[in-house]
Amino acid sequence: MKQNWTLLLLSIFCLAGAGQASAQFLVPTLDPTVPTLTAAATGWRTHHVMAASYSDRTGQRKISGVQDFEYAGAVSRAVLGLKFDTTAMDFSGVSESLHTVPAAPYSQPVTLKREVSRVSLAMLGSDFVSLGLTSVAEKQTDWASIDYPVVSSKVEKTGGSLSIKMGSSFYAGGGFSRVKESSYLSVDNNWVETNFGAALKTGTPGGTQFHMEFGYFGSPSSQKEAVAGQGAAVHGQTAVQIGTIELDMGGLVFTANGKTEVVNAKIVDLLSGLSADSITTTQSSGGVLWVPQEGMVLGFSFGNKMVTQIYDDSFSDFEVKLGYIF
Amino acid sequence: MKSRALLFMLLLSWFPGFLFGQVATPSIDPSAPVWLASAGSWRFGTSLAVGNQYGSQETDVQKVAAHGLGTAGLIVFQPSHVTSEIYSLSGGQRAVWEASSDNLYIEKKSESRFNLSVRGDGRVSVGLGGISRKIDSQNVLRTQKGFGGSFGFRLGDGFYGGLGMDRLTESVVGEEDKIWSDYTGGLSLAYGDPDSSMFRFEVAGKMSPLVAKGDTFAAVHQKKTEQYADLELLWDRWFFSGRGLQTKRFATLSGEIDQQDTELRYGLGYRRLSVSLIFYRILVDTQGATGWYKERSYQATVAIGFL
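Here the protein sequences come in this chain order: A and B.
So the numbering used here is basically just the index in the first sequence, starting at one, shifted up by 20.
So the numbering used here is basically just the index in the second sequence, starting at one, shifted up by 929.
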């Protein structure tokens, strides 16, 4: 059972970081329905925005090429972005749920529900630098086994970030976050996550705009010893690469996003004898939206996600987006 | 450029069996719902419309006397570059022919759609749509719910395209839910003034995949393709139309065979922006391996415009 707890806890963090594929480390994307990842990006907002999206999610899990079960679920997002003279704020929430409940003897972890709330506050200085603070709370519910059908865990992240504008269209910056993870199965764990990135954003709103951004965030491994009644906590060394390319042609926006996340950790399932040296998550998405300078935002996107470890999870999403810029 | 586009459309129309059509552009008849939300952006203002269909059905061994085949209502609200549309079909009860068994089965169907679209700069359109449908046939009640996204564009004065996807979930009591995506695409030519003289031609296709959660009628969503060509002409406010629709349903269960239905619809009416009254004659013919099916019906639509 201890092995399964370790596997579950590793999976929790892997999935917790795997929600959003678009890179918004340094500037907001041209798709205003997507929450910013760092507060520094929030600072470069130009308008107030209110948006929501709904995604239908299907998928399947395979072990050794044989399908165990199919997933069916939904993802909802909401964003409120406020922009004042030199201050900007972002409030966002994400809710992911899967209706799939594994059959009774199933022994591999399955994420059933995940909720993320994020608050960012940023200050903009002389159209040169954006500096901000972000607080993120992630709650997750997993199936661990028939003995532990509902396991709740929580990740809290507080961090600062900086985005510097160089010339008229180039941005660079980074930041760090303090992360705390807690679960009733294990002792609390904590670590520091760092991030940095570079972005290019050219053009003017209402005309043609181009946005390209690449970012990285990573964290070292962190382990906490077990104490009486609670298991050990394990966080594997994590590296995430994320990229976005967007084109705005007079309000018609095309987006393409990609993300790869690798968590280094030796996973062994004693029941099946299967093992893996890492958990790799890859995501890609693409969409089209109408984004005016002010008014209604409307669009949709397609996405895919793959999680590879001792099992292979694959998901596909179809998302519709609605918002208003004012 | 226009002649090349026209030639391309005519070549497309030579392929057999293109279906009904409001995929790239809306019909000149304001009572027709759009099948991709993005097409709603090219409508000609706010309107209210109702339509009713009435007819008889016949096979080589059975005959169903003339009866109501369904009543539909449509509300279009287009105050600016944003268009919303609500469509409802109810009261429909028809006999559906299965070529495999040469039998008619009673099918009750109701459907509601909501579409929202934004037109950008007169050149592009992005739309979202929601759909709810109930189909009661062969003692199986299928409840389908879904939503979709679509994208449309206009090139030059009157060449249009549209592409979209609907994601649907079907629930049947006692069965595992079935989820699939329908893909729809079309091209259109539309020129003229909807209050005097106008020409519109559209070809489009739709594909719905097979989803099988078992080997019974209730556990299967059959693979289906639809293709159509739609030609409409408004001449000094007199409306003429011709439409060809071909639906192919692919065999899934043991003993089934592929089935291809061909529908022809001709329309005649009067249309101006403030009001329209249009009549259609609909002919459906299907030839099976051992039998045939024939449907002869009439449809009348009335619309009021508020441009």
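The beta-carbon is built from N, C-alpha and C at its ideal position, and this holds for glycine as well.
Let me make sure I understand the geometry here. Which of the options has the alpha-carbon closest to that of residue i?
i                 : options                                           : result
glycine 270(A)    : Leu291(A), Ala259(A), Thr224(A) and Ser188(A)     : Thr224(A)
arginine 1129(B)  : Phe1080(B), Ala1158(B) and Gly969(B)              : Ala1158(B)
glycine 1056(B)   : Thr1012(B), Val979(B) and Ser1117(B)              : Thr1012(B)
alanine 108(A)    : His119(A), Ser137(A), Val149(A) and Arg134(A)     : Val149(A)
proline 1008(B)   : Thr1176(B), Arg1042(B), Arg1048(B) and Lys1177(B) : Arg1048(B)
threonine 161(A)  : Ser146(A), Val54(A) and Val136(A)                 : Val136(A)
aspartate 105(A)  : Ala98(A), Thr66(A) and Gly251(A)                  : Thr66(A)
threonine 280(A)  : Leu294(A), Thr53(A) and Thr264(A)                 : Thr264(A)
threonine 1181(B) : Tyr1195(B), Leu1139(B) and Arg1194(B)             : Leu1139(B)
valine 1204(B)    : Asp1124(B), Tyr1120(B), Gln1188(B) and Gly1093(B) : Asp1124(B)
arginine 77(A)    : Ser1110(B), Glu1192(B), Leu1116(B) and Trp1221(B) : Ser1110(B)
glutamate 116(A)  : Leu291(A), Ala92(A) and Val54(A)                  : Ala92(A)
glycine 278(A)    : Thr302(A), Trp211(A), Phe335(A) and Thr258(A)     : Thr302(A)
alanine 157(A)    : Ser165(A), Glu176(A), Ala253(A) and Gly293(A)     : Glu176(A)
glycine 1121(B)   : Gly1093(B), Gly1103(B), Val1101(B) and Phe1088(B) : Phe1088(B)
leucine 1118(B)   : Thr1000(B), Asp1086(B), Gly980(B) and Ala961(B)   : Asp1086(B)
tyrosine 1112(B)  : Asp1095(B), Gly1058(B) and Val1102(B)             : Asp1095(B)
Quick check: what's the CA-CA separation for residue i versus residue j?
i                    : j                 : result
glutamine 1151(B)    : valine 1213(B)    : 20 angstroms
alanine 1229(B)      : aspartate 1165(B) : 20 angstroms
threonine 341(A)     : glycine 997(B)    : For the record, residue 341(A) in the displayed sequence is lysine; it is not threonine. Looking at the two C-alpha atoms, the distance is approximately 39 angstroms.
lysine 221(A)        : alanine 968(B)    : 32 angstroms
arginine 1083(B)     : valine 952(B)     : 13 angstroms
asparagine 143(A)    : serine 305(A)     : Note on identity: in this sequence residue 143(A) is methionine, with asparagine being the wrong assignment. Their Cα atoms are separated by approximately 30 angstroms.
glycine 1217(B)      : glutamine 1175(B) : 15 angstroms
lysine 995(B)        : alanine 1133(B)   : Per the sequence presented here, residue 995(B) reads as alanine, with lysine not at that position. Straight-line Cα distance between these residues: approximately 31 angstroms.
tryptophan 25(A)     : aspartate 1106(B) : Caution applies to tryptophan 25(A), whose pLDDT of 48 falls short of 50 and renders its modelled position unreliable; the value that the coordinates give is listed next. Going from the Cα of tryptophan 25(A) to the Cα of aspartate 1106(B) covers about 32 angstroms.
valine 99(A)         : valine 69(A)      : 8 angstroms
lysine 82(A)         : valine 130(A)     : 12 angstroms
glycine 238(A)       : lysine 1074(B)    : 41 angstroms
glutamate 339(A)     : tyrosine 74(A)    : 5 angstroms
glutamine 44(A)      : leucine 267(A)    : 15 angstroms
serine 1244(B)       : glutamate 1161(B) : Look at the range of chain B in this structure, 930 to 1236, and you will see that residue 1244(B) is not part of it.
phenylalanine 949(B) : glutamate 201(A)  : Its pLDDT being 45, under 50, phenylalanine 949(B) is placed unreliably in this model, and the coordinates cannot settle the point.
serine 1079(B)       : proline 955(B)    : 14 angstroms
leucine 941(B)       : isoleucine 345(A) : Here the model assigns leucine 941(B) a pLDDT of 39, short of 50, so the residue's position is not dependable and the matter cannot be decided.
tryptophan 64(A)     : aspartate 208(A)  : 35 angstroms
tyrosine 1195(B)     : tyrosine 1209(B)  : 5 angstroms
glutamate 1099(B)    : aspartate 332(A)  : 27 angstroms
serine 140(A)        : leucine 57(A)     : 9 angstroms
alanine 978(B)       : histidine 231(A)  : 44 angstroms
threonine 62(A)      : serine 197(A)     : 16 angstroms
methionine 186(A)    : alanine 259(A)    : 27 angstroms
histidine 119(A)     : tyrosine 1222(B)  : 42 angstroms
leucine 27(A)        : leucine 151(A)    : At leucine 27(A), the pLDDT of 48 sits below 50, so the modelled position is not reliable; the number obtained from the coordinates is stated separately. Distance between the alpha carbons of leucine 27(A) and leucine 151(A) is about 37 angstroms.
Assuming residue i and residue j are in contact, meaning their beta carbons sit under 8 angstroms apart, how far apart are those beta carbons, in whole angstroms?
i                 : j                    : result
tyrosine 126(A)   : serine 172(A)        : Actually they do not touch by this definition, with Cβ atoms about 19 angstroms apart.
aspartate 337(A)  : phenylalanine 322(A) : 7 angstroms
threonine 1215(B) : aspartate 1190(B)    : 5 angstroms
leucine 1018(B)   : threonine 988(B)     : Contact doesn't hold; Cβ gap of about 24 angstroms is too wide.
leucine 46(A)     : alanine 60(A)        : 6 angstroms
To which residues does DSSP link residue i through a beta bridge?
i                  : result
leucine 1018(B)    : Ala1001(B) and Glu1040(B)
alanine 1133(B)    : Gly1115(B) and Tyr1157(B)
alanine 1147(B)    : None, per the DSSP bridge assignment.
glycine 1090(B)    : Phe1082(B) and Leu1116(B)
glycine 1198(B)    : Phe1168(B) and Ile1207(B)
glutamate 1105(B)  : Paired residues: none, contrary to the question.
glutamine 128(A)   : Paired residues: none, contrary to the question.
isoleucine 166(A)  : Paired residues: none, contrary to the question.
arginine 972(B)    : DSSP lists no partner for arginine 972(B).
isoleucine 1233(B) : Leu977(B) and Val1204(B)
threonine 1072(B)  : Lys1063(B) and Ser1100(B)
threonine 228(A)   : Met269(A)
valine 1011(B)     : Val1047(B)
glutamate 233(A)   : Ala219(A) and Thr264(A)
Tell me whether residue i, by its Cβ, gets closer than 7 angstroms to a heavy atom of the ligand ZN.
i              : result
glycine 293(A) : In the structure on display, the ligand ZN does not appear, and there are no ligands present to speak of.
- prompt: In chain order, what residues of the region 242–258 of chain A put their CB closer than 9 angstroms to some CB of chain B?
  reply: Those would be none; no residue qualifies.
- prompt: Between the region 319–344 of chain A and chain B, which residues of the former have a C-beta closer than 7 angstroms to a C-beta of the latter?
  reply: Answer in chain order: Gly319, Phe320, Phe338, Val340 and Leu342.
message: What are the residues in the region 129–150 of chain A lying within 8 angstroms of chain B by C-beta distance?
response: Within the region 129–150 of chain A, no residue has a Cβ that lies closer than 8 angstroms to any Cβ of chain B.
- request: Residues of the region 1150–1184 of chain B with a CB closer than 9 angstroms to any CB of chain A: list them in chain order, please.
  value: Within the region 1150–1184 of chain B, no residue places its CB atom closer than 9 angstroms to a CB of chain A.
- prompt: Of all the residues that make up the region 1037–1054 of chain B, which are near chain A by a beta-carbon distance shorter than 9 angstroms?
  reply: Of all residues in the region 1037–1054 of chain B, only Leu1045, Ser1046, Val1047, Arg1048, Gly1049, Asp1050, Arg1052, Val1053 and Ser1054 place a beta-carbon less than 9 angstroms from a beta-carbon of chain A.
field: Positions along the region 1184–1201 of chain B whose CB lies within less than 8 angstroms of some CB in chain A
entry: Result list empty, no residue passes.
message: Which residues of the region 1098–1121 of chain B have a Cβ closer than 8 angstroms to any Cβ of chain A? Give them in chain order.
response: Within the region 1098–1121 of chain B, the residues whose Cβ lies closer than 8 angstroms to some Cβ of chain A are Thr1098, Asp1106, Ile1108 and Ser1110, listed in chain order.
query: Just by C-beta distance, which residues in the region 257–291 of chain A are closer than 8 angstroms to chain B?
result: Closer than 8 angstroms at the C-beta level to chain B, one finds these residues of the region 257–291 of chain A: Gly270, Gly271 and Leu272.
message: Taking beta-carbon pairs under 7 angstroms, can you tell me which members of the region 1068–1084 of chain B lie near chain A?
response: From the region 1068–1084 of chain B, only Phe1076, Gly1078 and Phe1080 have a Cβ closer than 7 angstroms to chain A.
field: Contact set between the region 75–90 of chain A and chain B, restricted to residues whose Cβ is under 8 angstroms from the partner
entry: Correct list: Asp76 and Thr78.
message: Give me the subset of the region 993–1014 of chain B whose CB atoms are less than 7 angstroms from a CB atom of chain A, sorted by chain position.
response: Listed in sequence order: Val1011.
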